[in-house]
Amino acid sequence: MAELTLKNVVKRYGNIEIVHGINLDIKDGEFVVLVGPSGCGKSTTLRMIAGLESLSSGTISIGDRVVNTLEPKDRNIAMVFQNYALYPHMTVFRNIAFGLHAAKLPKDAIDKKVREAAKLLGLSELLERRPNELSGGQRQRVAMGRAIVRDPTVFLFDEPLSNLDAQLRGQMRTEIKRLHQSIGTTIVYVTHDQVEAMTLADRIVIMRDGRIEQVGTPLDVFHAPVSTFVAGFIGTPTMNLIALPVRQSGGNATLAFSDQDVLPLSTEVVRRIGNRDRVTVGIRPDDLVITPADAARERQGTRLEGTVVVAEPLGVTTQVIARVGDHELVGMADGRFVPQAGAPVALTCDVARLHLFDPETQRSLAS
Amino acid sequence: MTHASDTTTRGWSLGPVIHPGRIVAWTLLALGAVVMMVPLVYMVATSFKYPNEVYELNIIPHEPTLDNYTYIFQNTRFGIWFVNSLLTSSLVTVSVLFFDSLVGYTLAKFKFRGREFVFIAILTTLMIPTEMLIVPWYIMAKNFGWLNSYWGIMFPGLITGFGVFLMRQFFSGIPDDYIHAARIDGLNEFQIWWKVAMPLVTPALSALAIFTFLGNWTAFLWPLIATNDRALYTVPVGLASFSGEFLSDWELIMTGATLATLPTLIVFIIFQRYIIRGVVLAGLKG
Ligand SMILES: Nc1ncnc2c1ncn2[C@@H]1O[C@H](COP(=O)(O)OP(=O)(O)OP(=O)(O)O)[C@@H](O)[C@H]1O
Ligand SMILES: [Mg+2]
């Protein structure tokens with residue numbers, strides 16, 4: 001086990017810079033997830049840690065050792081690939097043992113290690129099979145077995161679950177988390193699925209165009225996104241993000257969704273907005289409660305009125321897309337309330353839970 | 001139970017459904033097979049006939065005989081030619097499989113300056129017909145003193161542009177993750193090629209093995225030119241010398257020809273199984 005440090009890591013392919021100076025400190029035993037949209041450089045970063053790709057500049061160290069020039073096999077890492085990369089001409093046993101054979105371990109030591117890993121992953125019965133005789137989940141486990149037997153100081157995962165169906169993905173996610181808890185090795189895990197990131201990570205690293213946008217615990221990035229990019233990327237359904245005019249009159253200020261629908265703002269919020277006349281507002285759908293229009297009639301203040309565009313019953317809740325003025329907002333209603341399209345509804349939200357961003361820079365307005 | 005009776009009644013009442021397209025396809029295939037097979041069948045049949053029967057059209061000889069076979073092995077050098085052909089064709093095949101896949105892999109999976117240029121240069125060699133190369137080969141062989149040797153017969157075919165091209169295409173199809181995984185597992189580049197990449201392209205290797213072996217087994221022009229010592233003849237060259245020697249002893253020529261086709265059949269039967277298994281492997285996702 002060891003900590004992993006990236007200092008000003010840059011990657012260029014020819015003249016094109018793909019990764020623009022990444023700094024990251026990963027603690028011993030930490031589970032760090034890199035997320036970001038396709039092409040943002042997650043895999044490239046991971047491959048540089050693995051030693052499969054050279055650095056254009058910067059340093060990577062594992063433990064106290066700078067590993068820039070070390071071969072992958074000498075870095076004491078193990079990697080699980082998206083398509084598993086199991087050798088189709090070898091049995092499960094041989095696949096798992098392959099690296100140990102290459103390292104010339106004695107036969108009985110190999111045997112012992114492979115069987116231990118197989119037991120941990122529930123593969124004991126499958127050791128003599130070939131990869132094409134396994135289900136997707138089983139193949140995934142073999143790929144993890146191959147990584148585990150090497151006793152690496154750092155595990156690297158590159159979208160290991162993206163080839164699985166939704167149900168299996170959930171199951172394997174739990175298994176990976178359990179694995180981390182039982183062996184406690186540092187893990188760097190790449191995904192573009194934010195649910196995976198939220199559920200697995202001790203810390204999430206959100207990447208965008210070869211830069212780190214934000215690093216934090218899942219709750220940090222969920223509750224305090226530093227930019228509209230992070231806010232829109234983390235959390236399902238996606239946060240409502242709309243640019244709205246701020247109407248200041250005297251000491252009071254309101255957010256205008258439309259001419260009629262205005263949201264009075266607290267002094268705290270007004271202070272954050274400062275002298276801007278527009279602000280980008282983020283509202284999580286879960287913070288936007290939708291009720292029948294007449295039921296909320298007597299409620300005061302933070303109430304908007306809109307008409308239903310689409311209502312999608314999810315069981316416990318109903319996800320409603322409602323139109324307020326020119327804006328479409330996603331909110332949540334009680335599961336027993338499934339309004340028709342066109343029906344009038346009331347939208348209520350707690351002003352304290354609004355996220356505020358500068359409409360120019362898209363950065364969060366400091367609280 | 002019900003299901004079984006169901007199908008029988010339906011079978012009786014309606015009969016099997018035959019699509020007209022099928023009939024055409026089968027007829028054409030059958031015709032093709034006949035056209036291809038008839039000469040072969042006569043070749044084999046004639047090899048079991050006595051000379052007086054050679055010009056009769058019967059396929060089963062009236063009096064089947066092995067005399068032609070004993071004659072060929074006792075009174076000609078066919079046995080030696082057979083060994084020559086087997087040796088040179090096998091060695092060339094092994095060499096082609098090894099070097100073509102090594103070069104193909106390098107071109108497919110390593111990035112280096114001039115990679116495209118090398119690849120295109122190799123491709124252009126495919127456009128030069130053998131007939132044009134014979135003279136340079138001959139001059140080369142003569143100056144190096146390679147005429148009348150196994151090496152002289154084999155050297156032009158030890159690496160082929162076609163094989164390099166074929167292998168490069170197949171290696172390009174292997175996901176890099178296999179190679180990355182092997183690198184992390186601690187294999188060196190040569191081991192990665194041999195232990196990981198090669199098993200993944202067995203279908204291509206089988207196809208290349210068949211092409212190369214057959215091509216060399218039936219090669220005529222170059223072995224004819226490269227050798228004039230009868231002890232170094234290959235089967236096709238030797239067979240050709242038969243027709244001069246035995247003039248029209250067709251039963252002997254056909255016996256030689258029959259013997260000459262045996263290895264090609266065997267090679268095909270062996271490698272065909274690998275081709276099919278290889279296709280199954282290639283279809284595997286994980
Ligand atoms: N060998 C290469 N040569 C040139 N450009 C490359 C190479 N490998 C990757 N890139 C580019 O680098 C960028 C980042 O690629 P990378 O694979 O790291 O993205 P990613 O974040 O893993 O995306 P995804 O979620 O799609 O896997 C992409 O724009 C890609 O086109
Ligand atoms: Mg990727």
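Order-wise, the sequence lines are chains A and B. With full-length UniProt numbering, you'll find the first sequence wraps up at 367, consecutive numbering, no jumps. With full-length UniProt numbering, you'll find the second sequence wraps up at 286, consecutive numbering, no jumps. Using N, Cα and C, we set each Cβ at its ideal position, and we do this for glycine too. Only a predicted model underlies this, so the values are computations on that prediction, with no experimental measurement involved.
query, result
"Straight-line gap, Leu86(B) to Trp217(B) (C-alpha atoms, nearest Å)", "7 Å"
"Status (buried if at least 16 other CB within 10 Å, exposed otherwise) for Met207(A)", "buried"
"Buried/exposed call for Ile96(A), threshold 16 Cβ in 10 Å", "buried"
"8 Å Cβ cutoff, Leu66(B) in contact with chain A", "no"
"Closer than 7 Å: Ser38(A) CB and nearest ligand 1 heavy atom", "yes"
"Within chain B, the residues that Met79(A) reaches when beta carbons sit closer than 8 Å", "His180, Ala181, Ile184"
"Through-space distance from Ile153(B) to Trp222(B), alpha-carbon basis", "7 Å"
"Exposed unless 16 or more other CB atoms sit within 10 angstroms - verdict on Trp66(B)", "For the sequence presented, residue 66(B) should be read as Leu rather than Trp. That one is exposed."
"Phe229(A) to Arg150(A) span [Cα, whole Å]", "38 Å"
"Per-residue burial, Ile283(A) [other beta carbons within 10 Å of its own, 16 or more giving buried]", "buried"
"Simplified DSSP assignment, three categories, for Arg146(A)", "helix"
"Per-residue DSSP class, three states only, for His62(B)", "coil"
"Whole-angstrom C-beta distance between Pro339(A) and Val320(A), which should lie under 8 Å", "7 Å"
"Heavy atom of ligand 1 within 7 Å of His192(A) beta-carbon", "yes"
"Glu189(B) CB to nearest heavy atom of ligand 2 below 7 Å", "no"
"Cβ shell of Met132(B) (< 6 Å), same chain only, five flanking positions each side left out", "none"
"Chain B within 8 Å of Phe93(A), Cβ atoms only", "no"
"Pairwise C-alpha distance: Val308(A) and Pro264(A)", "23 Å"
"Asn68(A): contacting residues in chain B (beta-carbon distance under 7 Å)", "The premise fails here: Asn68(A) is roughly 16 Å from chain B at the closest Cβ pair, so nothing lies under 7 Å."
"Stretch pair the stretch 16-30 of chain B + the stretch 337-357 of chain A: three plus CB contacts closer than 8 Å", "no"
"Between the CA atoms of Ala197(A) and Ala166(A) - distance to the nearest angstrom", "15 Å"
"Extent of the continuous alpha helix (DSSP H) run through Gln214(A)", "No alpha helix (DSSP H) holds Gln214(A); the beta strand (DSSP E) holding it covers 211-216."
"Close beta carbons around Arg273(B), own chain, < 8 Å, minus the five adjacent residues each side", "none"
"Which listed residue (Glu30(A), Pro72(A), Thr45(A)) has its alpha carbon closest to that of Glu189(B)", "Pro72(A)"
"Cβ of Pro72(A) within 8 Å of any chain B Cβ", "yes"
"Under 9 Å by beta carbon: chain A residues contacting Leu187(B)", "Lys73, Phe98, Gly99, Ala102"
"Burial state of Gly186(B) (16 or more Cβ within 10 Å)", "buried"
"Proximity below 8 Å, CB of Thr160(B) to CB of Asp100(B)", "yes"
"DSSP three-state assignment for His327(A), whether helix, strand or coil", "strand"
"Alpha-carbon spacing of Val94(B) relative to Leu205(B), whole angstroms", "10 Å"
"Residues of its chain near Arg169(A), where Cβ-Cβ distance is below 6 Å and the 5 sequence neighbours each way are ignored", "Leu161"
"Cβ distance (whole Å) where Val188(A) is taken to contact Ile26(A) below 8 Å", "7 Å"
"Interface partners of Pro61(B) on chain A, CB under 8 Å", "The contacting residues do not exist; Pro61(B) stays about 48 Å from chain A at best."
"Chain-ordered residues of the stretch 50-61 of chain A with a beta carbon less than 9 Å from chain B", "Ala50, Gly51, Leu52"
"Closer than 8 Å to chain A by CB, Val196(B)", "yes"
"Option in Leu52(A), Leu314(A), Glu30(A) with minimal Cα separation from Thr5(A)", "Glu30(A)"
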